[in-house]
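Protein chains in written order, with this note's numbering: chain A, 29 to 342; chain B, 213 to 1097. Where a beta carbon is used, it is the ideal one built from N, C-alpha and C, also for glycine. Inspection log for the structure reproduced underneath, given as structure tokens.
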């Protein structure tokens, strides 16, 4: 409601003015050469999945342009793994030839035949173990008169000293059951309240002004080198069984990210704004999306996680 | 007529009234007519005869005068006064003009000096006239009235032809025999009051004017006639029409002065800074023109008395109130109504002035929503008040206030709540309640000032003031549970509160010098965000919690000294220094700022000017967007964030075509350091980052040339302004470290304002503005953006936009014609004015912003195009009715 009143006041003010119109205009956009685009999210003990494409004019409708005759070369911990041809007919190409371990340094060089070359360096951060997890049920009364029940969950971890660490607490709800002797499975991402100070970092200005939801991302700015317990309230709605479910598993993933993944993710959230409300509305300055591809665009990053789960049976 | 107070000295008398000379005062004193000679060497008598022949004058002199058989002049042509000074250099004499006669009278010994002081006021309203010229026309000695209309002028004893001149008012002149210190008040008659007779005008000799590089005074009469949106008289919109000043967007009230941002302007209302000058997202300014007496805009050559902002000072003086008779005004417009009243509390001793403006769209929306379960309303108001009291002749006290507020609220969930019986209430009760959300922002400014005159030459103004700007969001929710009724109030506040103590001293030892010095101490209190939670429950104790947003107390000290003086006959300087200090969390910032401006008279009409100033700013506005949002937040410098600084150099040329009619050309170069901007990958709404970490500092430069042709008087008045400028910023963390055009860089900017006053109370006015399109950042390419493996919610778009360069495009050029007409008619009770106007008369669709949009074609294909959003794209009429009594 608080955000909506800002939004409504803006909208109402504009509607009150009602004295506006819009029309197509022609501005000659500078001819920018298409840039090579690469994405890969690398996990320990997993195969390599790679996206390779090209940027294109903002006025084009498709989101990306495929690249013909592209190749990539990969090095893991300084050891060249060879050069491979990238298929042009898939969004993501999978390379089971490569597996990764925590701490690996990865260098990928990709190039278009007789075209540009891009280079990216990343690494696989080591997993940060969840040391302890406790749960209890609590009831909260909210200002709109609604009583809400939560599964209060405490997750403890120890942040390594002497390095900047980037994290995300990501919670998944999985439901298991049977329909006509066939397995039944549901998977949802839990949208939990990010009230713990670790998600807010420093003294924020205006906690009643609803800020952007950074989806559980945080840094070690407040907890560098110490053991910290995150308090998370999982709405009890996620604990209700649906008709076919006989088991629910709530998994808490503590992701350990690179700076690049963290920054890319945050810049995407900022760019989108409140459910996309101000995305593309030029009264706000446009945001630049973080990029770690040298000579091109995109993101290649390693990540690792530790997971702890709660299992409930009907 | 001038009001002369004798203070017991009876030997002063008026020889002739100004009317006797009316026919002769045709705009130029004969002493300043140019004469030339065939030779530079001849007798005194020859030169006097030659002057008589050329200027059609007759000299009258006594035999005490020193005549030479042969004297050599330094030049063959000069003004009569300059020639006479050279001819009688051995026997200094006074030159008195009587019709076509010039009386030359040698001084007997060294003449004594006496002080004339007093106030210059409007004869009808008794309001102070600020920056009016007072001068002795023969000796070319003069001064100007200060912000309270006070002047002090030291002149040699003897006959003095004292002139008083103010743009838009009848020129006044009186001849006195000055034999002692004297008090003379001038009650000036406005040109508009003199309808049937020709108005006597006289050009003020440039030599007696102060040096004011980069300063523009805007007559209130012109401000009130500028056609504006919905007929809301708006002085900020008038200021935006001046060269070097831009609006930043169609219809907005922000000021962008010589490459500076909207937070770099010091807007002073009776000496007190006002932090938010806009209503309704900045579409209307907060200043009610009915309460404004004088407006001056300083955009360069800052005198030392001003400080604290980099780009401009808008000095607004409010009406004191008529101390003779009651006056009033009521005005009804499409958007708002205004009421103003003024009058004496104690005649000749104390007066008041109050005015209020309020919108009433909420009244109409309230009627439409009578039976709705959701009721919303929006309104804003301004309330100005001022009281003053004379405590004897030398002391005067002023108390003034301004209150303004924008409020938007929404009431919903109307319900009847049943409250169960308890210990205090034995019966069950039913109470009607509703939930409510509101958002708003408000300004409150209070000041009390004490004027005191020490002796004859020192004027002191001491001010204690309070300025409060606050933005708030609130929510009230009722709910019932098990017979208990709970009301929860949540409020968020942010803002700034200033408490200031300030003293300003004017010391005018002689006409050639005008000293000003002073000091101020401000206790700034910044509130970046305070949350208040109050829960009241019928069944238990109330919970009252305040958290977040620590108050930041930041003291600021300012000291200044300046002198406005004549170095030579033709060269006048204003030299001063401004010192400031500001405390942050754990350190002090300070700044010693030199200020210099000079004016060299090429002749009596033409001058060249130069100015240099250094400015420092210790606070900045953290803006939410390019339009003025209530969430914009004033924040101080910190240990990490350094103060913004700017130096400005300006050169100008000015030609006075006639009284109140001038042409000026001014070039400037301004450099900024440590100016602030958001980093490229952050946003105001990112509350998880400390605000200090979201900002980055950089440098900038602005250069330009401004042309202004300004006619302030006569039936046809107005101005034409043109600016050619370029403003570039460079930040290490923005645009890959490359320079880029500032958001408000506008290469060409032109404004024409014309106002024609017909005889029978009809005034026709029009403005035409043109500006190069504002810079805009447009992404040129887009690229694939996959779902992230750990994202909770899907993003709306499956691509990212890539911005190769910041502000590398321009919106289409902006131009617009606005027209207005006022019909004024005398009535038994006073007068009435009908105002009609048409904004955007030829329906130009000017861009407000640009954006990309996908539209589906008839064949099902999607077409992506760039669209322009325009506000006010067609002619918008307005009407207003005003009565004055």
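Practice item. Work out the CA separation of residue 295(B) and residue 303(B) for me, nearest whole Å. Key: Locating residue 303(B) in the second chain gives position 91, where the first residue counts as 1. Locating residue 295(B) in the second chain gives position 83, where the first residue counts as 1. CA-to-CA, the gap between residue 303(B) and residue 295(B) works out to about 14 Å.
Practice item. Grab the span of the alpha helix (DSSP H) containing residue 266(B) for me, first residue to last. Key: Position 54 of the second chain holds residue 266(B). Where residue 266(B) is concerned, the enclosing alpha helix (DSSP H) stretches over 256-267.
**Study point:** Continuous alpha helix (DSSP H) stretch holding residue 1044(B): start and end
**Key:** For the purposes of this step, residue 1044(B) is identified with residue 832 of the second chain, where counting begins at 1. Not the alpha helix (DSSP H): residue 1044(B) falls in the beta strand (DSSP E), residues 1042-1051.
Review point. According to DSSP, is residue 1088(B) helix, strand or coil?
Key: Mapped onto the second chain, residue 1088(B) falls at position 876. The answer is strand: DSSP assigns residue 1088(B) an E or B state.
Check your understanding: Any idea what DSSP makes of residue 577(B), helix, strand or coil?
Key -> Here residue 577(B) is taken as the residue at index 365 of the second chain, counted from 1. Three-state result, residue 577(B): helix.
Exercise for review: Report all residues from its chain with a CB closer than 6 Å to the CB of residue 726(B); omit the five preceding and five following residues, and keep chain order.
Suggested key: Mapped onto the second chain, residue 726(B) falls at position 514. Cβ within range, chain order: 720 and 776.
Point to revise | Sub-8 Å separation of residue 710(B) and residue 678(B) beta-carbons | key: Translated into positions along the second chain, residue 710(B) becomes position 498. Translated into positions along the second chain, residue 678(B) becomes position 466. Yes, the Cβ-Cβ distance between residue 710(B) and residue 678(B) is below 8 Å.
**Study point:** Bridge partner(s) assigned by DSSP for residue 425(B)
**Key:** For the purposes of this step, residue 425(B) is identified with residue 213 of the second chain, where counting begins at 1. According to DSSP, residue 425(B) bridges with nothing at all.
Check your understanding: Which first and last residues belong to the beta strand (DSSP E) in which residue 436(B) is found?
Key -> Mapped onto the second chain, residue 436(B) falls at position 224. Looking at the DSSP string, residue 436(B) is not in any beta strand (DSSP E); the run it does join, the alpha helix (DSSP H), is 432-437.
Check your understanding: Is residue 1080(B) helix, strand or coil by DSSP?
Key -> Start at 1 with the first residue of the second chain, and residue 1080(B) comes out as number 868. The answer is strand: DSSP assigns residue 1080(B) an E or B state.
Check your understanding: Which residue or residues does DSSP assign as beta-bridge partners of residue 987(B)?
Key -> Taking the first residue of the second chain as 1, we reach residue 987(B) at position 775. Residue 987(B) pairs with 1022(B).
Point to revise | Nearest to residue 5(A) (by Cα), restricted to the options 223(A), 265(A) and 127(A) | key: The requested residue 5(A) does not occur in the structure, where chain A is confined to residues 29 to 342.
Review point. If we ignore side chains and look at the alpha-carbon of each, how far apart do residue 989(B) and residue 1061(B) end up?
Key: Position 777 of the second chain, counted from the start, is the residue given in the question as residue 989(B). Position 849 of the second chain, counted from the start, is the residue given in the question as residue 1061(B). C-alpha separation (whole angstroms): 11 Å.
Exercise for review: Return the bridge partner residues of residue 113(A) from the DSSP annotation.
Suggested key: Position 85 of the first chain, counting from 1, holds the residue named residue 113(A). 99(A), per the DSSP bridge assignment.
**Study point:** Inter-residue Cα distance where the pair is residue 474(B) and residue 700(B)
**Key:** Translated into positions along the second chain, residue 474(B) becomes position 262. Translated into positions along the second chain, residue 700(B) becomes position 488. Distance between the alpha carbons of residue 474(B) and residue 700(B) is about 37 Å.
Check your understanding: Hey, does residue 50(A) have any beta-carbon neighbour from chain B nearer than 8 Å?
Key -> Locating residue 50(A) in the first chain gives position 22, where the first residue counts as 1. So yes, residue 50(A) belongs to the interface.
Practice item. Excluding the 5 residues preceding and the 5 following residue 791(B) in the sequence, name in chain order all residues of the same chain whose CB lies nearer than 6 Å to its CB. Key: Here the question's residue 791(B) lines up with position 579 in the second chain. Here the set comprises 771 and 804.
Point to revise | Option in 613(B), 607(B) and 587(B) with minimal Cα separation from residue 622(B) | key: Here the question's residue 622(B) lines up with position 410 in the second chain. The residue with the shortest Cα to Cα distance from residue 622(B) is 587(B).
Exercise for review: Measure the alpha-carbon distance for residue 994(B) versus residue 730(B) and round it to whole angstroms.
Suggested key: Against the second chain, residue 994(B) aligns to sequence position 782. Against the second chain, residue 730(B) aligns to sequence position 518. Within the model, the alpha-carbon separation for residue 994(B) versus residue 730(B) is close to 58 Å.
Review point. If the cut is a Cβ gap below 7 Å, which residues of chain A does residue 1021(B) touch?
Key: Counting from one through the second chain, the residue named residue 1021(B) turns up at place 809. Simply 55.
Review point. Fully enclosed by the stretch 745-812 of chain B, which beta strand (DSSP E) runs are 3 residues long or longer?
Key: 752-759, 764-778 and 783-795
Check your understanding: When DSSP labels each residue in this structure, what does residue 968(B) get in the three-state scheme?
Key -> Walking along the second chain from the start, residue 968(B) turns up at place 756. Under the three-state reduction of DSSP, residue 968(B) is assigned to strand.
Exercise for review: With DSSP as the reference, label residue 476(B) as helix, strand or coil.
Suggested key: If you number the second chain from 1, residue 476(B) lands on position 264. Residue state, collapsed to three classes: helix.
Review point. Using the rule of at least 16 other Cβ atoms within 10 Å of the residue's Cβ for burial, across every protein chain shown, is residue 208(A) buried or exposed?
Key: To locate residue 208(A), count along the first chain from 1; it is residue 180. Label assigned to residue 208(A): exposed.
Point to revise | Whole-number beta carbon distance between residue 139(A) and residue 98(A), since they are thought to touch under 8 Å | key: Numbered from 1 along the first chain, position 70 holds the residue referred to as residue 98(A). Numbered from 1 along the first chain, position 111 holds the residue referred to as residue 139(A). About 7 Å; that satisfies the 8 Å criterion.
Check your understanding: From the beta carbon of residue 971(B), is the nearest beta carbon of chain A less than 8 Å away?
Key -> The count along the second chain starts at 1 and reaches residue 971(B) at position 759. No, no contact with chain A.
Review point. How about residue 439(B) and residue 979(B): are their beta carbons less than 8 Å apart?
Key: By one-based count along the second chain, residue 439(B) stands at place 227. By one-based count along the second chain, residue 979(B) stands at place 767. Yes, the Cβ-Cβ distance between residue 439(B) and residue 979(B) is below 8 Å.
Check your understanding: Buried or exposed: which applies to residue 585(B), given that a residue is buried once 16 or more other Cβ atoms fall within 10 Å of its Cβ?
Key -> Counted from its first residue, the second chain places residue 585(B) at position 373. When all chains shown are included, residue 585(B) counts as exposed.
**Study point:** 8 Å Cβ shell around residue 1063(B) - same chain, five flanking residues per side excluded
**Key:** Translated into the one-based positions of the second chain, residue 1063(B) becomes position 851. Only 1078, 1079 and 1081 meet the Cβ criterion.
Point to revise | residue 361(B) versus residue 381(B): straight-line alpha-carbon distance, rounded | key: The residue labelled residue 361(B) in the question sits at position 149 within the second chain. The residue labelled residue 381(B) in the question sits at position 169 within the second chain. Each residue's Cα considered, the two are about 14 Å apart.
Review point. Closer than 8 Å, Cβ to any Cβ of chain A: which residues of the stretch 278-300 of chain B, in chain order?
Key: none
Review point. Is residue 412(B) helix, strand or coil by DSSP?
Key: Indexing the second chain from 1 puts residue 412(B) at position 200. Unreliable placement is indicated for residue 412(B), whose pLDDT of 44 sits below 50; the coordinate value is still reported in the next sentence. Here residue 412(B) sits in coil by DSSP.
Check your understanding: For residue 86(A), which residues in chain B fall below 7 Å Cβ to Cβ?
Key -> Along the first chain, one-based indexing puts residue 86(A) at 58. Within 7 Å Cβ-Cβ: 991, 992, 993, 994, 1013 and 1064.
Check your understanding: Do you know how far the Cα of residue 600(B) is from the Cα of residue 512(B)?
Key -> Taking the second chain and counting its residues from 1, the one referred to as residue 512(B) is at position 300. Taking the second chain and counting its residues from 1, the one referred to as residue 600(B) is at position 388. Between residue 512(B) and residue 600(B), the C-alpha separation is close to 32 Å.
Practice item. Establish whether the CB of residue 279(A) and some CB of chain B are separated by less than 8 Å. Key: Residue 279(A) sits at position 251 when you count from the first residue of the first chain. Output row for residue 279(A): interface = no.
Review point. In chain order, what residues of the same chain lie with their CB nearer than 8 Å to the CB of residue 453(B), ignoring the 5 residues before and after it?
Key: Residue 453(B) sits at position 241 when you count from the first residue of the second chain. Closer than 8 Å at Cβ, skipping near neighbours: 438, 931, 933, 963, 965, 979 and 981.
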